[in-house]
Amino acid sequence: MPQQKDIVKIAIQMPGAYPQLIQLDQKKPLTAVIKEVCDKWNLPGPDNYALQYADGIQTYITESGRCAEDLYKGIQSSDSGVRCDSLKLLADVSTDITFAQEFISRDGHSLLVKIVEDAHEAPLIMTHTLTAFMELMDHGIVSWENLSSVFIKKIAGFVNAKVLDTSIQQVSLAILESMVLSSSSLFNEVKQEITLERLISHLQVTNQQLQTKAMALLMAMLQAGGEADRQELFCICIQLLNKTWKEMRATQEDFDKVDHHLHHLSADRDFFTSSLLSLCWSALTETKLYFTLFIAYFLSEIHL
Numbered sequence: 001m002p003q004q005k006d007i008v009k010i011a012i013q014m015p016g017a018y019p020q021l022i023q024l025d026q027k028k029p030l031t032a033v034i035k036e037v038c039d040k041w042n043l044p045g046p047d048n049y050a051l052q053y054a055d056g057i058q059t060y061i062t063e064s065g066r067c068a069e070d071l072y073k074g075i076q077s078s079d080s081g082v083r084c085d086s087l088k089l090l091a092d093v094s095t096d097i098t099f100a101q102e103f104i105s106r107d108g109h110s111l112l113v114k115i116v117e118d119a120h121e122a123p124l125i126m127t128h129t130l131t132a133f134m135e136l137m138d139h140g141i142v143s144w145e146n147l148s149s150v151f152i153k154k155i156a157g158f159v160n161a162k163v164l165d166t167s168i169q170q171v172s173l174a175i176l177e178s179m180v181l182s183s184s185s186l187f188n189e190v191k192q193e194i195t196l197e198r199l200i201s202h203l204q205v206t207n208q209q210l211q212t213k214a215m216a217l218l219m220a221m222l223q224a225g226g227e228a229d230r231q232e233l234f235c236i237c238i239q240l241l242n243k244t245w246k247e248m249r250a251t252q253e254d255f256d257k258v259d260h261h262l263h264h265l266s267a268d269r270d271f272f273t274s275s276l277l278s279l280c281w282s283a284l285t286e287t288k289l290y291f292t293l294f295i296a297y298f299l300s301e302i303h304l
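Here it is, written out as structure tokens:
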């Protein structure tokens with residue numbers, strides 16, 4: 001038995017036929033609703049018919065449109081449970097481009113931006129919000145450059161935070177990676193907000209997903225940055241390899257190759273050195289694959 005809140009009365013009209021006043025179960029599949037309407041008018045082939053709004057913008061009603069409208073309302077609910085469930089579902093269905101177009105056409109992505117900028121929600125709700133936002137943006141319907149500085153600072157703040165839910169940080173790192181790769185202006189904004197100290201710290205954790213996202217952001221910054229940025233990141237990578245080789249009993253020839261590049265380091269060398277000395281062998285081995293890929297890119301850009 002459908003809940004009363006899911007039942008609404010609507011009028012349906014068609015040229016040359018008497019209007020119908022029906023009780024619409026909003027949970028019922030749209031095809032089933034159309035079939036019932038066609039049966040009452042004795043119309044064959046319900047697949048050849050569709051419902052269309054009579055007032056306002058007279059768009060056709062689709063399953064994607066219905067779902068987008070429901071979630072658009074759900075994420076604005078005063079009930080935190082409804083908001084959480086709606087955002088979780090939104091994160092799942094936003095991978096579909098047809099749905100994404102429907103939701104974005106309602107300016108739904110702006111609601112997600114506002115949730116992030118306000119930053120009042122619980123960690124789980126924020127995780128669903130960021131995930132849904134990332135899925136919507138991945139379709140390329142909305143430009144990354146439309147985002148405000150406030151939003152960028154909030155996302156960077158999630159990454160820089162020393163105590164925060166790792167799920168939030170993982171999605172935030174992915175969002176920043178996409179920003180960096182989308183335009184040079186966004187790269188510069190992200191670079192100003194994100195500290196290398198925090199990125200390095202994310203590489204030292206035991207959470208491999210967080211490590212992967214942090215390395216992906218470093219790679220994106222490498223690709224988008226200028227020569228000075230690349231040299232700085234290259235020095236980080238060299239020192240990480242230096243630390244690894246020491247624990248692996250590397251040869252003097254290996255050290256000579258590393259030392260050849262260390263003279264490029266600025267005053268940041270002491271910071272990087274102290275950071276690297278705190279790394280344990282297990283942390284290094286867990287990220288070895290990512291560093292190998294990182295070095296491969298550098299070697300294609302810089303002649304040793």
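141 is the number that the UniProt record's numbering gives to position 141 of the sequence shown; each next residue is one higher, with no gaps.
Beta carbons: idealized from backbone N, C-alpha and C, even for Gly.
| query | result |
| --- | --- |
| Assuming THR129 and LEU112 form a contact by the criterion Cβ under 8 Å, report the distance between their Cβ atoms to the nearest whole angstrom. | 5 Å |
| Report the residue ranges of all beta strand (DSSP E) runs contained in full by the region 144-217; include only those spanning at least 3 residues, in chain order. | none |
| Please classify ILE7: is it buried, with 16 or more other beta-carbons within 10 angstroms of its beta-carbon, or exposed? | exposed |
| Check for me: the beta strand (DSSP E) holding residue 345 runs from which residue to which? | The structure shown has nothing for residue 345, since the chain only spans 1 to 304. |
| Can you tell me the Cβ-Cβ gap for ILE152 and GLU193, rounded? I've got them flagged as a contact below 8 Å. | 7 Å |
| What does DSSP give as the partner residues of ILE125 in its beta bridges? | None, per the DSSP bridge assignment. |
| Mapping DSSP to helix, strand and coil, what is LEU265? | Caution is warranted here: a pLDDT of 48 is assigned to LEU265, below 50, making its placement in the model unreliable, and no coordinate value can be reported. |
| Around the C-beta of GLN23, are 16 or more other C-beta atoms found within 10 angstroms, so that it is buried, or is it exposed? | exposed |
| What is the DSSP secondary structure of LEU21, reduced to helix, strand or coil? | strand |
| Taking all protein chains shown into account, do 16 or more other C-beta atoms lie within 10 angstroms of the C-beta of MET14, making it buried, or fewer, making it exposed? | exposed |
| Quick one: grab the DSSP three-state call for GLN52. | strand |
| Between GLY81, SER86 and ALA100, which lies nearest to ALA64 when the distance is taken from Cα to Cα? | Checking the sequence, you will find Ser at residue 64 rather than Ala. Checking every option, the nearest Cα to that of SER64 belongs to ALA100. |
| With 16 as the cutoff for other CB atoms within 10 Å, does LEU21 come out buried or exposed? | exposed |
| So, under 8 Å CB-CB, ILE125 and LEU164 are touching, yes? Tell me the CB distance rounded to an integer number of Å. | Going by Cβ atoms, the distance from ILE125 to LEU164 rounds to 14 Å, so no, they are not a contact pair. |
| Taking the alpha helix (DSSP H) that LYS114 belongs to, which residues open and close that run? | 108-118 |
| At which residues does the alpha helix (DSSP H) containing VAL37 begin and terminate? | 30-40 |
| Would DSSP call SER46 helix, strand or coil? | Sequence inspection shows Pro at residue 46; the Ser mentioned does not correspond to that position. Correct three-state label for PRO46: helix. |
| Only counting the same chain, and skipping five residues up and downstream in sequence, which positions put a Cβ closer than 7 Å to that of GLN209? | GLN170 |
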